[in-house]
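> Each step along the sequence shown adds one to the number in full-length UniProt numbering, with nothing skipped, and position 256 is 256. Using N, Cα and C, we set each Cβ at its ideal position, and we do this for glycine too. Quick one: structure below, then a few questions.
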Amino acid sequence: MTTTDTTGVDAPGTAPTEVAPTQVCASTPMGYGSMRRKEDARFIRGQGRYLDDIALPGMLHGAILRSPFAHARIVSIDTSAAEAHPKVKAVITGETLAGLGLAWMPTLSHDVQAVLATDKVRFQGQEVAFVVAEDRYAARDALGLIEVDYEPLDAVIDARTALDEGAPVIRDDLDGRTDNHIFDWEAGDAAATDDVFARADVVAECDMLYPRVHPAPMETCGSIASMDPVTGKLVVYTTTQAPHAHRTVYALVAGLPEHKIQIIAPDIGGGFGNKVGIYPGYVCAVVGTIVTGVPVKWVEDRSENLMATSFARDYHMRGEIASTKDGKLLGVRVKVLADHGAFNGTAQPSKMPAGLFHVFSGSYDIAAAHCQVTGVYTNKAPGGVAYACSFRITEAVYLIERLVDVLARDQGWDPAELRMKNLVQPEQFPYTTALGWEYDSGDYPRTLQKALDIAGYAELRREQAEKRERGELMGIGISFFTEAVGAGPRKTMDILGLGMADGAELRVHPTGKAVLRLSCMSQGQGHSTTFAQIVAQELGISPDDIEVVQGDTDQTPFGLGTYASRSTPVSGAATVMVARKVRERAKIVAAAMLEVSPDDLEWEKGRFQVAGDPSASAAIADIAMAAHSDLELPDGVEGHLDATCVYNPPNLTYPCGAYICVVDVDAGTGQVKVRRFIAVDDCGVRINPMIVEGQVHGGLADGVGMALMQLMAFDSDGNHLGASFMDYLLPTAMECPSWELGETVTPSPHHPIGAKGVGESATVGSPPAVVNAVLDAIGVRHADMPLTPAHVWRAMRGDPIRTDLAID
Ligand code: MCN
Ligand code: CUN
């Protein structure tokens with residue numbers, strides 16, 4: 001079910017004033033709307049071309065030997081038996097790499113990470129040696145022939161003990177390092193916030209953990225590196241969400257100029273943040289091709305993906321919220337202990353080690369807020385890069401949405417009313433939060449009201465009361481989130497010093513067909529369709545006639561890629577601007593064709609038309625042919641119809657949403673059934689409502705998974721307890737209800753078509769709704785995710801567990 005509600009607020013520029021209701025069009029529209037995805041015909045016929053489908057002539061295969069220990073000194077490595085294997089072509093160790101200056105590589109957070117361990121291993125699954133062989137089976141077999149002598153060390157697994165006196169020092173590779181401290185960082189006004197708390201009538205506090213989870217895309221990570229010994233050009237096929245960023249890092253690591261490196265991302269089977277980072281296996285494949293002179297492929301298996309690539313969250317938060325006695329929120333403060341694993345690879349902007357966590361005052365008009373975040377090393381995999389998270393906003397939204405519920409419960413207030421009373425009001429936009437973020441637009445009360453209406457909130461509460469009488473456990477959970485997506489702006493945000501502007505290039509060919517080249521990279525989000533729709537809307541060309549090129553650094557302009565739901569806010573804006581540049585050129589050409597002044601032309605339904613004379617007009621296809629012909633153009637006007645654009649966003653875009661989850665809990669077993677889930681999202685103008693809804697469906701499933709089952713726990717020796725899908729549980733259709741979606745449309749005032757990103761909204765917004773619902777059902781103030789049956793059962797008995805450590 002979908003409910004559409006347009007504000008009547010016009011988007012700037014040429015955005016439509018009405019958003020079409022979601023209905024899949026059989027025929028192709030000229031612009032926005034729910035057209036079918038162009039890429040799907042290929043995918044459903046099995047014609048996708050993923051990394052593992054690619055085989056280069058003479059290609060060899062690599063496999064990685066990984067550490068069985070979480071913390072151990074490497075005494076010796078004997079590779080002789082592996083080297084003697086008839087199919088093995090090379091065995092590379094940390095020593096080999098040290099000789100090339102490549103044993104360590106920079107992370108995305110100004111730390112270094114071992115490519116292959118030399119001195120110590122620091123987490124279970126860490127890369128120790130790389131075997132290159134004729135086929136992947138031989139490479140795997142040969143791993144068993146490598147003898148490593150380890151001397152096990154005590155490990156730091158519980159982040160809360162990482163800074164204890166006498167804790168084992170994990171990063172003794174770093175000069176003068178005597179503890180596991182990475183950073184202390186704070187935001188907001190501590191004194192003003194403390195003052196508000198001292199004067200508040202009511203304060204509620206809560207300790208909560210957002211446990212370590214993993215994006216677990218269907219396709220694992222991998223690459224094929226191929227160094228041409230004649231030209232010296234390195235071509236890397238790889239599963240990356242950010243091809244140009246990867247190329248820059250390769251250039252820095254290898255000391256090669258960018259034009260000698262080509263990164264090609266083929267089709268990607270899901271990223272969800274897992275494919276932002278650069279992993280040791282990628283560097284090993286490059287060294288492999290340099291050593292052997294032929295292409296080397298490395299593809300990780302599922303356990304390797306779960307054990308050694310980027311996890312997310314692992315945030316221990318102690319939050320407090322202050323209010324007046326009649327429920328006006330006054331302040332919020334939080335202390336965070338962030339577990340970054342053995343190497344700090346979190347890919348946060350340079351000056352923000354906690355990413356965008358400081359949006360934790362959420363969607364409420366709260367005058368004072370302060371956070372203090374401490375990052376520590378532990379003997380766990382590095383990363384923390386991302387998982388549909390907008391860089392720590394997931395944690396921030398969870399914190400504030402749990403705190404609001406805890407406060408409501410303590411005071412006996414209705415959680416919907418408490419939220420409604422405190423939401424930022426429409427007339428307050430642009431709204432600057434206590435932490436200095438400028439939210440661009442929104443109509444929060446209307447969005448929440450819409451969700452309450454779809455849910456039939458009052459009726460649900462009545463049903464709940466009746467069920468309680470009968471001893472049945474039903475819960476209703478609400479969350480209201482504000483997301484901050486579209487990283488830049490360049491002046492304030494960067495990764496490794498790279499600003500966050502993205503390029504777009506558009507060429508309209510003589511016959512009116514077009515090619516759009518983008519720096520972002522789809523992993524399933526449907527860019528081939530939606531970006532073609534943007535050009536179609538601006539130029540009146542059918543989306544079927546617009547080819548979208550992404551993923552190949554030799555063929556696309558520079559830009560930082562697809563993450564933080566930034567493709568629509570940044571590359572989407574670049575696409576609008578480049579199409580408008582082409583349209584300006586087209587106007588001059590059309591004026592020459594129609595022998596009028598450009599000022600006499602109007603842009604009407606995809607054509608330039610002479611004002612007052614509808615019979616005199618030209619469509620882009622006619623204009624394109626003329627632009628490439630001998631038509632005489634005014635002095636200084638270039639022919640052809642193409643343009644380039646670099647878009648540097650002035651601000652982030654701030655989508656929002658109101659989510660309501662209804663659960664039934666089995667009192668005997670603790671089993672949770674998500675009965676209903678209502679999601680009203682506002683991502684501004686929707687280019688393709690069907691794709692937006694698909695994004696929301698996926699994110700909601702993610703949220704149900706995180707709230708109820710996904711977990712990477714460790715035992716006290718650092719053994720990973722979620723290294724396969726037998727233990728790391730993902731949600732399926734069985735756990736998901738039929739989602740009930742609604743929408744409000746508040747265009748972003750600074751985006752050229754008023755669109756905001758949406759790719760991560762539902763993953764960010766849904767976990768607190770599910771948790772709030774379960775806790776409402778069982779009448780428990782707080783219990784950490786995941787709320788597995790065993791955990792719910794124990795929480796009901798006043799005995800909640802530490803979910804991040806081994807469950808006894
Ligand atoms: N869209 C739209 N109208 C809007 C906003 C978005 O039609 N107002 C469309 C876009 O044009 C695009 C899709 O929705 O086709 C998602 O757009 P956007 O919100 O800009 O997000 P990105 O394209 O930048 O995708 C990144 C985002 C992130 S960061 C993660 S993580 C995630 C997500 O997308 N990973 C995904 N959704 C995913 N979906 C799939 N299938 N696979 C992943 O790996
Ligand atoms: Cu935060 S996961 Mo997405 O940005 O690739």
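Looking only at DSSP bridge pairs, what is aspartate 184 linked to?
Counted from its first residue, the sequence shown places residue 184 at position 184. According to DSSP, aspartate 184 bridges with Thr374.
> DSSP state of valine 535, grouped into three classes?
One-based indexing of the sequence shown puts residue 535 at position 535. The answer is helix: DSSP assigns valine 535 an H, G or I state.
> Note the first and the last residue of the continuous beta strand (DSSP E) segment covering isoleucine 146.
Position 146 of the sequence shown, counting from 1, holds the residue named residue 146. From DSSP, isoleucine 146 is part of no beta strand (DSSP E); its letter is neither H nor E.
> Among Leu163, Val132 and Asp173, which has the Cα closest to the Cα of arginine 122?
Here residue 122 refers to the residue found at position 122 when the sequence shown is read from its first residue. If we check each option's Cα against that of arginine 122, Asp173 comes out closest.
> Give the secondary structure of cysteine 25 by DSSP, where H, G and I count as helix, E and B as strand, and everything else as coil.
Taking the sequence shown and counting its residues from 1, the one referred to as residue 25 is at position 25. For cysteine 25, the predicted structure reports a pLDDT of 47, less than 50, and the residue's modelled location is therefore unreliable. The matter cannot be settled from this model.
> Determine contact between the segment 504-512 and the segment 683-695, defined as no fewer than three beta-carbon pairs at a distance below 8 angstroms.
Taking 8 angstroms as the limit for Cβ pairs, the verdict is that the segment 683-695 does not touch the segment 504-512.
> Report yes if the C-beta distance between glycine 383 and valine 774 is below 7 angstroms; otherwise report no.
Taking the sequence shown and counting its residues from 1, one reaches residue 383 at position 383. Taking the sequence shown and counting its residues from 1, one reaches residue 774 at position 774. Result no, Cβ atoms of glycine 383 and valine 774 do not sit closer than 7 angstroms.
> Considering only residues of the same chain and omitting the five flanking positions on each side of arginine 247, which have a CB-CB separation below 7 angstroms?
As a first step, residue 247 must be located in the sequence shown, where it is residue number 247. Here the set comprises Glu258, Ile261, Ile263 and Thr553.
> Under 8 angstroms Cβ to Cβ from leucine 594, same chain only, skipping five residues before and after it: list those, please.
Reading the sequence shown from its first residue, position 594 is the one you call residue 594. The residues are Leu601, Phe608, Val610, Ala616, Ser617 and Ala618.
> Taking the alpha carbon of glycine 699 as the reference point, which residue from Val332, Ile44, Gly273 and Tyr377 has its own alpha carbon closest?
Locating residue 699 in the sequence shown gives position 699, counting from the first residue. Taking only the C-alpha atoms, the option nearest glycine 699 is Gly273.
> Decide if glutamine 428 is buried, meaning its Cβ has at least 16 other Cβ atoms within 10 Å, or exposed.
The residue you call residue 428 lines up with position 428 of the sequence shown. Glutamine 428 should be labelled exposed.
> May I ask you to verify whether the segment 320-333 touches the segment 193-205, counting CB pairs closer than 8 angstroms and requiring at least 3?
Yes, since at least three Cβ pairs between the segment 320-333 and the segment 193-205 fall closer than 8 angstroms, the two stretches touch.
> Which of the three DSSP states is assigned to threonine 432 in this structure?
Sequence index remark: in the sequence shown, residue 432 carries index 432 (1-based). Looking at threonine 432 - three-state DSSP - the assignment turns out to be strand.
> Quick check: is any heavy atom of the ligand CUN less than 6 angstroms from the C-beta of histidine 273?
Here residue 273 refers to the residue found at position 273 of the sequence shown. According to the sequence provided, residue 273 is glycine. The question's histidine does not apply to it. Yes - the ligand CUN has a heavy atom lying nearer than 6 angstroms to the Cβ of glycine 273.
> Hey, would you say alanine 87 sits closer than 7 angstroms to glutamate 134, going by beta carbons?
Sequence index remark: in the sequence shown, residue 87 carries index 87 (1-based). Sequence index remark: in the sequence shown, residue 134 carries index 134 (1-based). Just to set this straight, residue 87 is lysine in the shown sequence, not alanine. For lysine 87 and glutamate 134, yes; Cβs fall inside 7 angstroms.
> For the 8 angstroms Cβ check, are there 3 or more pairs between the segment 460-477 and the segment 357-376?
Flag = no, the segment 460-477 and the segment 357-376 do not touch.
> Tell me which residue opens and which closes the beta strand (DSSP E) that residue 860 is part of.
For residue 860 there is no data in the structure shown, the boundaries of the chain being 1 and 808.
> Just to confirm the assignment, what range does the alpha helix (DSSP H) spanning methionine 30 have?
Counted from its first residue, the sequence shown places residue 30 at position 30. Counting along the chain, methionine 30 falls outside any alpha helix (DSSP H), and DSSP gives it neither H nor E.
> Any heavy atom of the ligand MCN closer than 6 angstroms to the CB of leucine 374?
On the sequence shown, position 374 is the one that residue 374 refers to. Before going on, a small fix: residue 374 reads as threonine here, not leucine. No; taking the cut-off as 6 angstroms, the Cβ of threonine 374 has no heavy atom of the ligand MCN nearer than that.
> Could you tell me which of Glu205, Val535 and Ala342 sits nearest to aspartate 410, measuring between CA atoms?
Your numbering for residue 410 matches position 410 in the sequence shown. It is Glu205 whose Cα lies nearest to the Cα of aspartate 410.
> Could you have a look at alanine 191 and say whether DSSP puts it in helix, strand or coil?
One-based indexing of the sequence shown puts residue 191 at position 191. In the structure shown, alanine 191 sits in a helix (DSSP, three-state: H, G or I).
> When DSSP labels each residue in this structure, what does isoleucine 691 get in the three-state scheme?
Within the sequence shown, residue 691 is the residue found at index 691, counting from 1. In the structure shown, isoleucine 691 sits in a helix (DSSP, three-state: H, G or I).
> With distances taken between CB atoms, is the gap from isoleucine 623 to alanine 574 smaller than 7 angstroms?
Taking the sequence shown and counting its residues from 1, the one referred to as residue 623 is at position 623. Taking the sequence shown and counting its residues from 1, the one referred to as residue 574 is at position 574. No, the Cβ-Cβ distance between isoleucine 623 and alanine 574 is not below 7 angstroms.
> Return the bridge partner residues of phenylalanine 43 from the DSSP annotation.
Against the sequence shown, residue 43 aligns to sequence position 43. Bridge partners of phenylalanine 43: none, in fact.
> Under a Cβ-count criterion, where at least 16 other Cβ atoms within 10 Å of its own Cβ denotes burial, should alanine 103 be classed as buried or exposed?
For the purposes of this step, residue 103 is taken as residue 103 along the sequence shown, with counting starting at 1. Under this definition alanine 103 is a buried residue.
> Would you call aspartate 544 buried or exposed, if buried means 16 or more other Cβ atoms sit within 10 Å of its Cβ?
As a first step, residue 544 must be located in the sequence shown, where it is residue number 544. Per the 10 Å Cβ criterion, exposed.
> Is the beta carbon of glycine 488 closer than 7 angstroms to that of proline 649?
Here residue 649 refers to the residue found at position 649 of the sequence shown. Here residue 488 refers to the residue found at position 488 of the sequence shown. Against a cut-off of 7 angstroms, the Cβ pair of glycine 488 and proline 649 comes out as a contact.
> Closest by CA to histidine 316, which one among Thr309, Asp339, Gln550 and Leu306?
In the sequence shown, counting from the first residue as 1, residue 316 sits at position 316. Of the candidates Thr309, Asp339, Gln550 and Leu306, the one whose C-alpha sits nearest the C-alpha of histidine 316 is Asp339.
> Taking buried to mean at least 16 other C-beta atoms within 10 Å of its own C-beta, is arginine 49 buried or exposed?
Sequence index remark: in the sequence shown, residue 49 carries index 49 (1-based). Its Cβ having fewer than 16 others within 10 Å, arginine 49 is exposed.
> If we ignore side chains and look at the alpha-carbon of each, how far apart do threonine 7 and proline 426 end up?
The count along the sequence shown starts at 1 and reaches residue 7 at position 7. The count along the sequence shown starts at 1 and reaches residue 426 at position 426. Here threonine 7 scores only 42 on pLDDT, less than 50, and its place in the model should not be relied on; the value that follows carries that caveat. Between threonine 7 and proline 426, the C-alpha separation is close to 12 angstroms.
> Can you name, in chain order, every residue of its own chain whose Cβ lies under 7 angstroms from the Cβ of leucine 145, other than the five neighbours on each side?
Position 145 of the sequence shown holds residue 145. Excluding sequence neighbours, leucine 145 sits near Ala81, Ala82 and His85.
> Between tyrosine 250 and valine 230, which are expected to be in contact by the criterion C-beta below 8 angstroms, what is the C-beta distance as a whole number of angstroms?
Here residue 250 corresponds to residue number 250 of the sequence shown, with the count starting at 1. Here residue 230 corresponds to residue number 230 of the sequence shown, with the count starting at 1. With a Cβ gap of about 20 angstroms, tyrosine 250 and valine 230 do not count as contacting.
> In the DSSP output, what is tryptophan 298 paired with across the bridge?
Within the sequence shown, numbered from 1, the residue matching residue 298 stands at position 298. Tryptophan 298 is bridged to Gly62 and Ser223.
> Using only the alpha-carbon positions, how far apart do alanine 347 and proline 280 sit?
On the sequence shown, position 347 is the one that residue 347 refers to. On the sequence shown, position 280 is the one that residue 280 refers to. Their backbone Cα atoms lie some 16 angstroms apart in a straight line.
> Does histidine 71 come within less than 7 angstroms of chain C when only Cβ atoms are used?
Checking the listed chains, one finds no chain C in this structure; it contains a single protein chain.
> Measuring only the C-alpha atoms, how far is histidine 71 from aspartate 154?
If you number the sequence shown from 1, residue 71 lands on position 71. If you number the sequence shown from 1, residue 154 lands on position 154. Whole-angstrom Cα-Cα distance: 7 angstroms.
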